[in-house]
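Residue numbers (our numbering), protein chains in the order written: chain A, 27 to 335; chain B, 27 to 335. Ideal Cβ positions, reconstructed from N, Cα and C, are used throughout, including at glycine. Everything numeric in this text was worked out from a predicted model, so none of it was measured. Notes for the one structure printed next.
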């Protein structure tokens, strides 16, 4: 086939997904592995390169390989200190793939990949300034400025999850206190719910170990404490978006990731808090909507999309 | 002369400066007026256009007119709701100047103009990602991302002064509470000093109405309260810069404006607070230095520089 194909690799703490993606965002073939199958990044690259080259024989025109991974640095092409992978400290992944496959390879972090997905295959095709927030275990973000990903001078810019929103607030995995992601994430909303539970009758009390999705189910069934936890979380995010607007003036903020599947519970409170805290000149300039690709392989599609940008 | 000349107009609440600037940043001719000489923006444009056309006869090659003004919007070419000027609410300034002079005209806000000045004539010539913070009555900022000014979707992005750093903090002129500029600005440091003065013996107590520069003079003479006020202010800015680094990852933050003339008193505490609050991956990646143009006509040079970008 004559359509240009790009290969996307989405590396997560548990799974690695690899897909061959056409210009419409259709995944023509997909394979996956458990991340812990590979002890090092090099072992992974050595294993996967011949599989890629074999599959590539089916296509005439391969653009290259895009990889999305935690702490993936676009500038250096290396995964740098990603504790969840259990691999080496610094993995020169694009170099390994280019050597082993002869294909042009780019690397970025997983949240930036989600933003590329929205830009190329989602609802941001015509947009020059937008933000994609991934609400998963943590809070990641990809920020597009003037039509380009914001990388800054180090390649690590755009970390909304690590803006401190409450001095002396919750302890964050980054070593500091009060980062946005300690409140707005699966981990954050579980902690909020547990704090609220100490004085309540919520059904969640009976479950020793509940997940974020249990909080949203409880809320859908009218559980007041779950609704309170969701409102608390949404308000913090809405206020933060009001602040980020004074910095980035995005036309749209897209929500994606596991938590964003419950966007109908989250977005009304986010919008209300955003509007109440927004600087006058920015009022009614920002939309908050779920990602178009929220149920799809956004990480994989975004990694592949990066080769088309 | 064959060198390309650009005209810079710096509109402030008190003065308007107009200059003809060559490619080296030399001001070949300069005129100025009191802002309140003109009742409307249109009156100003009508008055100044023939003066510009007359002076232009001296030069072969005029690039155009760059204007820096409070609330100047690069996208619309209008000054929008700038209370300090006392002019009409929306002034379509680039349109008025283009009609009256036939020259290409661009408008931006005063802090962005300072950033253009640093980019074209200052110490940021080789930089793609940097921030210029103007410390005057308020706190303004121009943010350069990927070598371009950050305007966002509205033209008003990059307002670091209006990020809320203390919920329920000081009342801000924008109608909200706790914005950075209520602490880090001439107004902010005066307020901090007055708060500290209620329980002290500082020499400043004897002065009924002191200015920010009096605080810095007192500090240079070892006044403990003045030093404390400066440290309080610097720490807040340092922490804020640590947060902004996770967003923008600038290689340098330049300080300019009246307060920044006392950079030797400010920068050590700013750096220390920044380093103590910086996310690990960004440690030692950001410089904080005074603008090269701190004592010059940075606003005027920046307005002119915009035509060379």
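Kindly indicate if chain B contains any beta-carbon less than 8 Å away from that of residue i.
i, result
"residue 202(A)", "yes"
"residue 188(A)", "yes"
"residue 155(A)", "yes"
May I ask which residues mark the beginning and end of the alpha helix (DSSP H) holding residue i?
i, result
"residue 121(A)", "119 to 127"
"residue 297(B)", "289 to 303"
"residue 256(B)", "250 to 274"
"residue 182(B)", "Unbroken run through residue 182(B): none, as it is neither H nor E."
"residue 206(A)", "That residue, residue 206(A), is in no alpha helix (DSSP H); it is neither H nor E in DSSP."
"residue 73(A)", "67 to 82"
"residue 239(B)", "238 to 246"
"residue 283(A)", "Residue 283(A) -> no alpha helix (DSSP H), and no H or E assigned at all."
"residue 195(B)", "Counting along the chain, residue 195(B) falls outside any alpha helix (DSSP H), and DSSP gives it neither H nor E."
"residue 325(B)", "324 to 331"
Could you give the residue range of the beta strand (DSSP E) that holds residue i?
i, result
"residue 227(B)", "No beta strand (DSSP E) holds residue 227(B); DSSP gives it neither H nor E."
"residue 156(A)", "156 to 161"
"residue 24(A)", "This structure does not reach residue 24(A), given that chain A is present from 27 up to 335, and the question cannot be answered."
"residue 41(A)", "41 to 47"
"residue 91(B)", "88 to 94"
"residue 52(B)", "Where residue 52(B) is concerned, there is no enclosing beta strand (DSSP E), given that its DSSP letter is neither H nor E."
"residue 313(A)", "313 to 316"
"residue 133(B)", "131 to 134"
"residue 168(B)", "165 to 171"
Can you round the beta-carbon distance between residue i and residue j to whole angstroms, since I take them to be within the 8 Å contact cut?
i, j, result
"residue 327(A)", "residue 47(A)", "6 Å"
"residue 398(B)", "residue 286(B)", "Shown here, chain B extends from 27 to 335; a query on residue 398(B) therefore has no answer."
"residue 169(B)", "residue 95(B)", "At roughly 18 Å, the Cβ-Cβ gap does not stay under 8 Å, so residue 169(B) and residue 95(B) are not in contact."
"residue 41(A)", "residue 60(A)", "6 Å"
"residue 188(A)", "residue 263(B)", "In fact, because the Cβ distance is near 19 Å, the residues do not count as touching under 8 Å."
"residue 185(A)", "residue 273(B)", "7 Å"
"residue 127(B)", "residue 91(B)", "7 Å"
"residue 138(A)", "residue 175(A)", "6 Å"
"residue 72(B)", "residue 28(B)", "Contact doesn't hold; Cβ gap of about 31 Å is too wide."
"residue 44(B)", "residue 58(B)", "7 Å"
"residue 177(B)", "residue 64(B)", "Incorrect: roughly 27 Å between the Cβ atoms, too far for contact."
"residue 93(B)", "residue 133(B)", "5 Å"
"residue 330(A)", "residue 34(A)", "3 Å"
"residue 226(B)", "residue 251(B)", "5 Å"
Residues from the segment 269 to 287 of chain B in contact with chain A, defined by Cβ distance under 9 Å = Answer in chain order: 269, 270, 271, 272, 273, 274, 275, 276, 277, 278.
query = Looking at C-beta atoms only, is the number of pairs between the segment 97 to 116 of chain A and the segment 142 to 151 of chain A that lie closer than 8 Å three or more?
reply = Cβ pair count under 8 Å is below three, so no.
The segment 283 to 291 of chain A contacting the segment 167 to 185 of chain A, beta-carbon criterion three pairs below 8 Å = No, because fewer than three Cβ pairs between the segment 283 to 291 of chain A and the segment 167 to 185 of chain A fall closer than 8 Å, the two stretches do not touch.
inquiry  = Quick check: the segment 315 to 330 of chain A against the segment 135 to 145 of chain A, are at least 3 beta-carbon pairs closer than 8 Å?
reply    = Touching, per the Cβ criterion.
Near-chain A residues of the segment 296 to 313 of chain B - C-beta to any C-beta below 8 Å = Residues 303, 305, 306, 307, 308, 311.
request  = Residues of the segment 168 to 187 of chain B with a CB closer than 8 Å to any CB of chain A: list them in chain order, please.
outcome  = From the segment 168 to 187 of chain B, only 169, 171, 172, 174, 176, 177, 178, 179, 180, 181, 182, 183, 184, 185, 186 have a Cβ closer than 8 Å to chain A.
ask   = Pairing CB atoms from the segment 254 to 274 of chain B with CB atoms from the segment 210 to 230 of chain B, are three or more of them under 8 Å?
value = Taking a contact to require three or more Cβ pairs closer than 8 Å, the segment 254 to 274 of chain B and the segment 210 to 230 of chain B qualify as touching.
message = For the segment 231 to 249 of chain A against the segment 190 to 210 of chain A, do three or more pairs of beta-carbon atoms, one drawn from each stretch, fall closer than 8 Å, so that the two count as touching?
response = Output reads no: the segment 190 to 210 of chain A does not touch the segment 231 to 249 of chain A.
task = Would you check if there are 3 or more beta carbon pairs closer than 8 Å linking the segment 304 to 322 of chain A to the segment 276 to 284 of chain A?
result = A contact exists between the segment 304 to 322 of chain A and the segment 276 to 284 of chain A.
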